[in-house]
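**Student:**
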Amino acid sequence: MRNERKYVKKYGLPFSFAFLLVAMEALCDLLQPTLLSRMIDEGVSRLDLNTVLRFGAYMLLVTAAGAVAASGRNIVSSRVSQRFGAELRSDLFRHIQSQTLPQLDRFDRASLVTRLTNDVTQVQNFVNGMMRVFAKAPILCIGSLVMAIRLNPKLATVLAIVVPIVAVLIYFNLRIGFPLFLKVQAAMDRLNGVMREYLSGVRVVKAFNRFADESVKFERINEDYRVHSVRALRRMSVFNPAVLLTVNFGIVTVLWIGGLRVDNGQMQVGHIVAFVNYMTQILFSLMMISMVFNMLVRAKASYGRIGEVMASAAHVHRRTGAEDEMEGRGRIDFEDVTFSYDGEEGTPALKSIRLHCLPGQTVGIIGSTGSGKTTLVQLIPRFYEATSGTVKVDGVDVRRLDPKTLRDKAAIVPQRVMLFSGTIRDNIRWGNESATQEQIERAARMAAAHDFIRSLPEGYDTKLGQGGVNLSGGQKQRLSIARALVREPEILILDDCTSAVDVATEAVIKEQLRTYARGLTCLLIAQRITSVMDADQIVVLDRGEIAGIGDHQTLLRECGVYQEIYRSQIGKEMQSHGA
Amino acid sequence: MAHEQSRSDSRPAVRDLPQMPGGHPGRGRGGPVQKPKDFRGTMKRIWGYIGQERRWLAIVFALILIDSGLTLAAPYLIGVAVDAIGQNAEVDFRILEAALAGLIAAYAGDAVLTFMQGWLMAGVSQRIVRRMRGALYDKLHGLPLVYFDTRRHGEIMSRLSNDIDNVSTTVSQTTAQLMSGGIAIIGSLVMMLVLSPLLTLASLITVPLVYLLARTITKRTRVLFKDQQAQLGALNGQIEETISGIEAVKAFNREEKVIADFEEANLTLRDTGMKAQIWSGFLMPLLSVINNIGFAAVAIVGGTLAVKEIITVGVIASFITYSRQFVRPLNDLANIFNVLQSGIAGAERVFELLDEKEEPDDPADAVRLERPDGEVVFDDVSFGYVPEKTIVKDLSFQVDAGTSIALVGPTGAGKTTIVNLLTRFYDVTGGSIRIDGRDIREYTRDSLRSVFGIVLQDTYLFSGTIKENIKYGRADATDEEVRAAAQAANADSFIRLLPQKYDTVLTENGGNLSQGQRQLLAIARVILAQPSILILDEATSSIDTRTERHIQDALLHMMKGRTTFIIAHRLNTIRDADRIMVIEQGGIAESGSHEELMARGGVYSRMFHAQFKNLEGA
Numbered sequence: 001m002r003n004e005r006k007y008v009k010k011y012g013l014p015f016s017f018a019f020l021l022v023a024m025e026a027l028c029d030l031l032q033p034t035l036l037s038r039m040i041d042e043g044v045s046r047l048d049l050n051t052v053l054r055f056g057a058y059m060l061l062v063t064a065a066g067a068v069a070a071s072g073r074n075i076v077s078s079r080v081s082q083r084f085g086a087e088l089r090s091d092l093f094r095h096i097q098s099q100t101l102p103q104l105d106r107f108d109r110a111s112l113v114t115r116l117t118n119d120v121t122q123v124q125n126f127v128n129g130m131m132r133v134f135a136k137a138p139i140l141c142i143g144s145l146v147m148a149i150r151l152n153p154k155l156a157t158v159l160a161i162v163v164p165i166v167a168v169l170i171y172f173n174l175r176i177g178f179p180l181f182l183k184v185q186a187a188m189d190r191l192n193g194v195m196r197e198y199l200s201g202v203r204v205v206k207a208f209n210r211f212a213d214e215s216v217k218f219e220r221i222n223e224d225y226r227v228h229s230v231r232a233l234r235r236m237s238v239f240n241p242a243v244l245l246t247v248n249f250g251i252v253t254v255l256w257i258g259g260l261r262v263d264n265g266q267m268q269v270g271h272i273v274a275f276v277n278y279m280t281q282i283l284f285s286l287m288m289i290s291m292v293f294n295m296l297v298r299a300k301a302s303y304g305r306i307g308e309v310m311a312s313a314a315h316v317h318r319r320t321g322a323e324d325e326m327e328g329r330g331r332i333d334f335e336d337v338t339f340s341y342d343g344e345e346g347t348p349a350l351k352s353i354r355l356h357c358l359p360g361q362t363v364g365i366i367g368s369t370g371s372g373k374t375t376l377v378q379l380i381p382r383f384y385e386a387t388s389g390t391v392k393v394d395g396v397d398v399r400r401l402d403p404k405t406l407r408d409k410a411a412i413v414p415q416r417v418m419l420f421s422g423t424i425r426d427n428i429r430w431g432n433e434s435a436t437q438e439q440i441e442r443a444a445r446m447a448a449a450h451d452f453i454r455s456l457p458e459g460y461d462t463k464l465g466q467g468g469v470n471l472s473g474g475q476k477q478r479l480s481i482a483r484a485l486v487r488e489p490e491i492l493i494l495d496d497c498t499s500a501v502d503v504a505t506e507a508v509i510k511e512q513l514r515t516y517a518r519g520l521t522c523l524l525i526a527q528r529i530t531s532v533m534d535a536d537q538i539v540v541l542d543r544g545e546i547a548g549i550g551d552h553q554t555l556l557r558e559c560g561v562y563q564e565i566y567r568s569q570i571g572k573e574m575q576s577h578g579a
Numbered sequence: 001m002a003h004e005q006s007r008s009d010s011r012p013a014v015r016d017l018p019q020m021p022g023g024h025p026g027r028g029r030g031g032p033v034q035k036p037k038d039f040r041g042t043m044k045r046i047w048g049y050i051g052q053e054r055r056w057l058a059i060v061f062a063l064i065l066i067d068s069g070l071t072l073a074a075p076y077l078i079g080v081a082v083d084a085i086g087q088n089a090e091v092d093f094r095i096l097e098a099a100l101a102g103l104i105a106a107y108a109g110d111a112v113l114t115f116m117q118g119w120l121m122a123g124v125s126q127r128i129v130r131r132m133r134g135a136l137y138d139k140l141h142g143l144p145l146v147y148f149d150t151r152r153h154g155e156i157m158s159r160l161s162n163d164i165d166n167v168s169t170t171v172s173q174t175t176a177q178l179m180s181g182g183i184a185i186i187g188s189l190v191m192m193l194v195l196s197p198l199l200t201l202a203s204l205i206t207v208p209l210v211y212l213l214a215r216t217i218t219k220r221t222r223v224l225f226k227d228q229q230a231q232l233g234a235l236n237g238q239i240e241e242t243i244s245g246i247e248a249v250k251a252f253n254r255e256e257k258v259i260a261d262f263e264e265a266n267l268t269l270r271d272t273g274m275k276a277q278i279w280s281g282f283l284m285p286l287l288s289v290i291n292n293i294g295f296a297a298v299a300i301v302g303g304t305l306a307v308k309e310i311i312t313v314g315v316i317a318s319f320i321t322y323s324r325q326f327v328r329p330l331n332d333l334a335n336i337f338n339v340l341q342s343g344i345a346g347a348e349r350v351f352e353l354l355d356e357k358e359e360p361d362d363p364a365d366a367v368r369l370e371r372p373d374g375e376v377v378f379d380d381v382s383f384g385y386v387p388e389k390t391i392v393k394d395l396s397f398q399v400d401a402g403t404s405i406a407l408v409g410p411t412g413a414g415k416t417t418i419v420n421l422l423t424r425f426y427d428v429t430g431g432s433i434r435i436d437g438r439d440i441r442e443y444t445r446d447s448l449r450s451v452f453g454i455v456l457q458d459t460y461l462f463s464g465t466i467k468e469n470i471k472y473g474r475a476d477a478t479d480e481e482v483r484a485a486a487q488a489a490n491a492d493s494f495i496r497l498l499p500q501k502y503d504t505v506l507t508e509n510g511g512n513l514s515q516g517q518r519q520l521l522a523i524a525r526v527i528l529a530q531p532s533i534l535i536l537d538e539a540t541s542s543i544d545t546r547t548e549r550h551i552q553d554a555l556l557h558m559m560k561g562r563t564t565f566i567i568a569h570r571l572n573t574i575r576d577a578d579r580i581m582v583i584e585q586g587g588i589a590e591s592g593s594h595e596e597l598m599a600r601g602g603v604y605s606r607m608f609h610a611q612f613k614n615l616e617g618a
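Sequence lines, in order, name chains A and B. If you read the first sequence in full-length UniProt numbering, its first letter stands for residue 1, the second for the next number, and so on. If you read the second sequence in full-length UniProt numbering, its first letter stands for residue 1, the second for the next number, and so on.
This is how it looks when you write it as structure tokens:
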């Protein structure tokens, strides 16, 4: 991951400082036994009470120094690891926010959530653990190795075998553990996914009385996670004992070779004892290193998953100056636009669309379910890009425009209402952070939402649950419209967002728009002909193609599909009322 | 037609969302600081989960006991070997070989036992986690809708993932250590007492110090860990919500603001995490200070005693070795106590959810509702989501078995509330609802809900194939029946155009289908389920009218002989209902068949004319 360098640069220095403090801590730890032995040799053995007390004082002094170093290390390492973790999470979050929708579609949403939380925590834990113990272990290990070699180079050949074996063991630990922990994290994704689904679909689950089945599904995934975790943990649990065994057998070998050499008169017993002591120290440090590598495996798997998201280029849009070429306020042109969700080979969702919306026009879009209405309007704020042909806003190809500029110009009210937890005011202000209460109320009035908001006990301060669950469908849609209007856009796209609003209210909204938002280009997707019949032009979509464009009268005369839609809505009424 | 001064407000206003983005995430509801609950009670409950593994834990304990013996034997054997080499002029190979053979056996045994401990504990801890997570999930079943409606999903998810993970890490890290630590402490204490009771007393000076230190630190970390977990939950909630609604974030150019909100929560978490980590990190260095003070004390006291020739130098040397062996596990125990705090913090949040109030249990004499005729009576029903604000007032009406009733009226008039009451998503606050002459509260909740087939406006599809989603209504349906249902719902034609047809996997919430297509699937789902009572709540709002007309036939066919509730805004979709009831402000404004109401010239006919005014003029 390219970002590594950035983190190393930023945290390298404090990290090294922590390392230094750990080294000091280790040094103090190593000094204690020496002081103690001198206290015994020079004080106790000679029955010299003053010396005993002097060395006792030294010991306390060294202890104090060690404590200071350790406390310093603690503060530094906690700060560094938490800051690093927070920054990694923040970078990942920013990166996700900068991605386009097709880029994000590659990941399951639940997986993105897991990566932002659980995976970041794993990496952070590793960094923290590393700063706490890792520095100490190599210092002890290398120190003991040097001492052992200086003590007896011949015996040290045993170490020349033991150490590489341990290295190989650690290598295999990484190799084997990595894919296993990747699977654990993937199982975590699924677990999060199924929980998310349950939470969003809880009404349906309750309505269909399907808890037992959902529970089976959950149990399967829960069990799956357990199996993967246990497998990974068990596979990992081989390595520590293996390191232990290797070094311990080294000790046995040292004793055996030592015995032979002493027998030959080439060596003294004292050396063996000292050597074994060093080996025990090496063993402890190697165990620590092996433990850190155990953490590393997990962290590496998680880091890889974070890297996967970070790998796709962030979409940074620089102002190209194309904005200056824009002419007019709210003109939209579709020039021979074809679009497919799966790239050029995929089945097109839109075919050769030619459409021109002039500033201030209201354009109705009507067509059967799945005919491409939503897809069409999503190309305007550049949620997706045309596979071929061009979409222009105010005369400029949208691909040359900063999506920010585009989305400030064009407000879209999506079909699926997305409200957030927070007050009603927060939700409307979502459209425009700097909106005053007056502007918020004006937008709410235009969306015919003001009255119902006022009638709530807490008015604009009423808190909503996630997704606005505590409002009725029509109320949610009206808030969603108000949120778009508070932006005072030049282009307003209403994607079938009045389906749950009764006709009278819909008429009020349209009337308000006509009065207060003159000059606003409005694209209106609807099912009801009454919603679009007074539009300046109506586009009839059928299977991704334009079946007709024109005003109500023209289409009624010339467009077969439109006539059919018309009949489906009015036919019976005409018959029964003869109006 | 001033429909808009409606009383509206149909669901409870969330007064008290646990964590709001701008506020102080994690500070929770109670007050400024998360108050840790009763430590012992929580431990007891955790033990309830751990206890089920006691057979395995006993085996682990036995392994640790044997292993402790082996690790004690190793230094002894090394001593024997060294003596065999150095004691006499000649190396005694017989003894050396025997000692080394013993050493190999001890080391091999130690490795195998260590491995087995790790192996067993992996199973034990993950089983505990699985059980806890399962219990939490099962708990979700009993919770009333209002619980889900007032919390961020990510926050609940965090309890099932992060908090449970915390418990599991704690269990797997501490259990074995706790056992081996206990054994080591007792062993060393005995050895020390044998060597010198006086010195033992000197070295025990540190014990109260260790205790005091551990208590002081854990008192702080317990609060901090609790805060940290709550803040992590809040952050998770925020992340989940913004990732789910990322389309809206993009549409409104809200990236900057969303990032700023995230950053705030992220930094709050970071600062708490930092504090928690620093405080808990102080434990070990300070412990080693205490230990070293202890060593110094032993050395000084021992030295003094030795100078006065009360004990020998050799005793001091071995005593220090043993007191080291005593102190290490003592430190471990103190550290475990610290790690435990983080586990407790997780466990408390898990138990908090487990202790949420559930939907009231079915009464003991509840009967199962099976294949009802479907006569529904609302008798003087009143309801309000909050006591002081009734939404439905003294509502009485009857729907004869097998007939259909349409509910119309302005948004927020209480139509959906009526459905919520009928299905017992919420319970009436006054009066009663009867199906087949019996109060619905006298039926078991499960059997009651299974007689309804509901198509909601917010269609929710699950990830899985199209077939699975249609079969959601009836799991044992054959492929033929699935197809027939899809055909009736007019969904078959578009499904066939998909590359994998009925086996097409739907992405999250059916994202790869249009809203209308999703509604068609939901209708197919209900058609397949063949419920006794049908509820269509804006079931066709996103479907174009031509398609709707095709489905209408299927729906009409299904409505035949079935009690049906229809809520719709497009009035032509309801005119075939046997009776139409206009709901205004939670009461009945007028009711009758389409023709009757049109003839009366009241609210309904005005609404009807408003809808068709333009078309009729055309």
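Glycine residues also receive a C-beta, built at the ideal position from the N, C-alpha and C atoms.
(1) Would you grab the beta carbon distance between GLU358 of chain B and GLY142 of chain B for me? Rounded to a whole angstrom, and I think it's under 8 Å.
(2) Is there a C-beta anywhere in chain B that falls below 8 Å from the one on TYR460 of chain A?
(3) Who pairs with LYS392 of chain A in a beta bridge, going by DSSP?
(4) Kindly give me the distance between the Cβ atoms of LEU406 of chain A and ARG382 of chain A, rounded to whole angstroms, as I take these residues to be in contact under 8 Å.
(5) From the DSSP output, in three-state form, read off ALA579 of chain A for me.
(6) Per DSSP, which residues does GLU584 of chain B bridge with? Please list them.
(7) Just mark ASN222 of chain A as buried or exposed, buried being the case when its beta carbon has 16 or more other beta carbons within 10 Å.
(8) Applying the 10 Å Cβ sphere with the 16-neighbour rule, what's the burial state of VAL190 of chain B?
(9) When DSSP labels each residue in this structure, what does ARG368 of chain B get in the three-state scheme?
(10) Could you name the residues of chain B that ASP263 of chain A contacts, counting a contact when the two beta carbons are closer than 7 Å?
(11) Pop quiz: ARG579 of chain B and THR403 of chain B are said to be a contact at Cβ under 8 Å. What is the actual Cβ separation, rounded to whole angstroms?
(12) For GLY561 of chain B, which of B:ALA176, B:ASP400, B:ILE567, B:GLU442 has the nearest alpha-carbon?
(13) Pick helix, strand or coil for GLY459 of chain A, following the three-state DSSP scheme.
(14) How far does the beta strand (DSSP E) with ILE412 of chain A in it reach, from first residue to last?
(15) Would you check if there are 3 or more beta carbon pairs closer than 8 Å linking the region 212–222 of chain B to the region 335–343 of chain B?
(16) By Cβ distance below 8 Å, which residues in the same chain neighbour ASP408 of chain A in space, the five residues on each side in sequence not counted?
(17) Counting pairs of Cβ atoms below 8 Å between the region 428–444 of chain B and the region 361–372 of chain B, do you hit three or more?
(18) Classify THR515 of chain A as buried or exposed, calling it buried when 16 or more other Cβ atoms lie within 10 Å of its own Cβ.
(19) Our contact map puts ALA242 of chain A next to LEU174 of chain A with C-beta atoms below 8 Å; I'd like the distance itself, whole angstroms only.
(20) At which residues does the alpha helix (DSSP H) containing CYS522 of chain A begin and terminate?
(21) With distance defined between alpha-carbon atoms, name the residue in A:PHE284, A:VAL205, A:ASP41, A:LEU92 nearest to ILE142 of chain A.
(22) Can you check whether the C-beta of ASN338 of chain B is within less than 8 Å of a C-beta belonging to chain A?
(23) Quick check: the region 194–203 of chain A against the region 148–159 of chain A, are there 3 or more CB pairs under 8 Å?
(24) List, in order along the chain, the chain B residues whose C-beta lies closer than 7 Å to that of GLY201 of chain A?
**Tutor:** Reading off the structure:
(1) 4 Å
(2) no
(3) Paired residues: A:ASP333, A:ASP397.
(4) The pair is a contact, with the Cβ atoms about 6 Å apart (cut-off 8 Å).
(5) Residue placement at ALA579 of chain A cannot be trusted, given a pLDDT of 36 that sits under 50; what the coordinates show is reported in the next sentence. In the structure shown, ALA579 of chain A sits in coil (DSSP, three-state: anything other than H, G, I, E or B).
(6) B:GLY587
(7) When all chains shown are included, ASN222 of chain A counts as buried.
(8) exposed
(9) coil
(10) VAL91
(11) 7 Å
(12) B:ASP400
(13) helix
(14) 410–413
(15) Flag = yes, the region 212–222 of chain B and the region 335–343 of chain B touch.
(16) Excluding positions up to five away in sequence, the list reads ARG487, PRO489.
(17) yes
(18) exposed
(19) Here ALA242 of chain A is actually not in contact with LEU174 of chain A; their C-beta atoms are around 14 Å apart, not less than 8 Å.
(20) Careful: CYS522 of chain A lies outside any alpha helix (DSSP H), inside the beta strand (DSSP E) at 521–525.
(21) A:PHE284
(22) Interface residue (Cβ-Cβ distance to chain A less than 8 Å): ASN338 of chain B is not classified as such.
(23) The region 194–203 of chain A makes no contact with the region 148–159 of chain A: fewer than 3 CB pairs, one atom from each, lie closer than 8 Å.
(24) TYR460, PHE462
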